[in-house]
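Colleague: The structure that follows is given in the form of structure tokens.
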Amino acid sequence: MNDMTTLWVSPVSDLAGVARHILDVGSLGIPDWRMVVACPPGPLTDRLRTMDVDVVDLPVENGTTTAVKSLRATISRIKPSIVHSHLPKADFLTTMAAVGTTVKLVSTEHTIPTDRFIYHSNRASAILMETAHRVRLHRFAHVIAVSQATEYQMRRQWHATLPITVVLNGVDRPEVPPVRKPSLRLLSLARLSNEKNISATIRAFAHIVREHPEATLTVAGTGEEEPSLRELAQRLGVKVNFAGFTDPDEAMTNHDVVIQPSRSENCSYTLLDAVAQGMGVVASPVGGNPEILPRRCIAEADDVDELARIAIEQGLNVDKRPSLPATVPTIAGMATDIAEIYRKVVA
Numbered sequence: 017m018n019d020m021t022t023l024w025v026s027p028v029s030d031l032a033g034v035a036r037h038i039l040d041v042g043s044l045g046i047p048d049w050r051m052v053v054a055c056p057p058g059p060l061t062d063r064l065r066t067m068d069v070d071v072v073d074l075p076v077e078n079g080t081t082t083a084v085k086s087l088r089a090t091i092s093r094i095k096p097s098i099v100h101s102h103l104p105k106a107d108f109l110t111t112m113a114a115v116g117t118t119v120k121l122v123s124t125e126h127t128i129p130t131d132r133f134i135y136h137s138n139r140a141s142a143i144l145m146e147t148a149h150r151v152r153l154h155r156f157a158h159v160i161a162v163s164q165a166t167e168y169q170m171r172r173q174w175h176a177t178l179p180i181t182v183v184l185n186g187v188d189r190p191e192v193p194p195v196r197k198p199s200l201r202l203l204s205l206a207r208l209s210n211e212k213n214i215s216a217t218i219r220a221f222a223h224i225v226r227e228h229p230e231a232t233l234t235v236a237g238t239g240e241e242e243p244s245l246r247e248l249a250q251r252l253g254v255k256v257n258f259a260g261f262t263d264p265d266e267a268m269t270n271h272d273v274v275i276q277p278s279r280s281e282n283c284s285y286t287l288l289d290a291v292a293q294g295m296g297v298v299a300s301p302v303g304g305n306p307e308i309l310p311r312r313c314i315a316e317a318d319d320v321d322e323l324a325r326i327a328i329e330q331g332l333n334v335d336k337r338p339s340l341p342a343t344v345p346t347i348a349g350m351a352t353d354i355a356e357i358y359r360k361v362v363a
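Positions 17 to 363 (my numbering) are the ones given, in order, by the sequence shown.
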């Protein structure tokens, strides 16, 4: 029997978290399914083509009407059994493009903040978006949540009643566990944005260097918060290496502890990769973090004393560093879980 087709829809093509998810699944494929990806031109499409994954253009830069028409034409042409959207913009484009068709819709929800207003300028905007999600979910057959926390927020904020399955982001374990030594080379690897709360990382670092002047901090990433973060480091009198965009694998190889006191998080690939690579980890108790990290690695987002204490412990006591729980699948396991959801949707 020929494989059925699933059309994955992404409104972005940079190599951020959602792209990582798409690339990981595309690298192995979904058992018994042909995977096609619709997204704007960019690094993601280039990478997918090198992996022989079929890609179609999604012209989101030309406005909603054009994007919906294009996506609708793609659905008509390739006749997928399932259209699988990622990120809110893709969810809404898919909902509109599928009007009048019988195609089954699936969505992966990558993050829903506990703070309903963190991404909105006012209460009305937040409520409007929640209502829009509540309405569009009536058209979806199934939703995948990347953490139990995400599922909980879907049911709390959107009053979702459709089937939801939690599939944690998958990560492969190294065949040979890395050998790590005690050290305090600290790393922040995230967008320089408000919700990532990197200012707390810098404040915690100021505490750390008072006790351990040999400690270093690299802030890898770009974003609108960079000027204020540089000013904070200067005001606190600490030397921080603002490295800009950095290859994640290289950064993790050259550092010992990841600090990530985010105010909003999903099932963080940064944390998963750090744990898989034998690094120490400090993170806030938001999103899926408590589902993938032990309690000894968790501190409240703005408790700089506790962030500093845990970072020191994680850096200098290798035995205290976390390992991946069995609930975190491999990439192949994640793809198999998705295939099982598809089987139920088309049955």
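We treat Cβ as the ideally placed atom computed from N, Cα and C, and that holds for glycine.
Which residue marks the beginning of the beta strand (DSSP E) containing residue 260, and which one marks its end?
Modeller: 257-260
Colleague: Based on DSSP bridge pairs, tell me the residues matched to residue 102.
Modeller: 124
Colleague: Could you tell me which whole beta strand (DSSP E) segments of length 3 or greater appear in the region 115-198?
Modeller: 120-125, 158-161, 180-182
Colleague: From the DSSP output, read off the bridge partner residues of residue 62.
Modeller: Partner(s): none; residue 62 has no beta bridge.
Colleague: Do the region 198-207 and the region 300-313 touch if we need at least three Cβ pairs shorter than 8 Å?
Modeller: no
Colleague: For residue 195, which residues of its own chain have a beta-carbon under 8 Å away from its beta-carbon, when the five flanking residues on both sides are left out?
Modeller: Taken in chain order, the residues that qualify are 294.
Colleague: Which same chain residues, not among the five before or five after residue 362, have their C-beta less than 8 Å away from its C-beta?
Modeller: 20, 97, 98, 120
Colleague: Buried or exposed: which applies to residue 250, given that a residue is buried once 16 or more other Cβ atoms fall within 10 Å of its Cβ?
Modeller: exposed
Colleague: Have a look at residue 330 and residue 36 and give me their C-alpha separation to the nearest angstrom.
Modeller: 26 Å
Colleague: What number of angstroms, rounded off, separates the C-alpha of residue 31 from the C-alpha of residue 59?
Modeller: 6 Å
Colleague: Check whether the Cβ atoms of residue 327 and residue 160 lie closer than 9 Å to each other.
Modeller: no
Colleague: Apply the 10 Å Cβ neighbour rule to residue 87 and answer buried if 16 or more other Cβ atoms are within range, or exposed otherwise.
Modeller: buried
Colleague: Under the DSSP definition of a beta bridge, which residues are partnered with residue 205?
Modeller: 236
Colleague: Using CA atoms only, rank isn't needed, just tell me which of 103, 354, 172 is closest to residue 25.
Modeller: Distance check between residue 25 and each of 103, 354, 172 places 103 closest, using alpha-carbon atoms only.
Colleague: What is the rounded straight-line gap between the Cα of residue 126 and the Cα of residue 236?
Modeller: Answer to the nearest angstrom: the Cα atoms are 22 Å apart.
Colleague: State the beta-bridge partners of residue 313 as determined by DSSP.
Modeller: DSSP, once it has assigned bridges, lists no residue as partnering residue 313.
Colleague: Ends of the beta strand (DSSP E) at residue 299?
Modeller: 296-299
Colleague: Is the Cβ-Cβ distance between residue 50 and residue 114 less than 9 Å?
Modeller: no
Colleague: Write down the C-beta distance between residue 81 and residue 29 rounded to the nearest angstrom, noting that I regard them as a contact closer than 8 Å.
Modeller: The Cβ separation is near 20 Å, so there is no contact.
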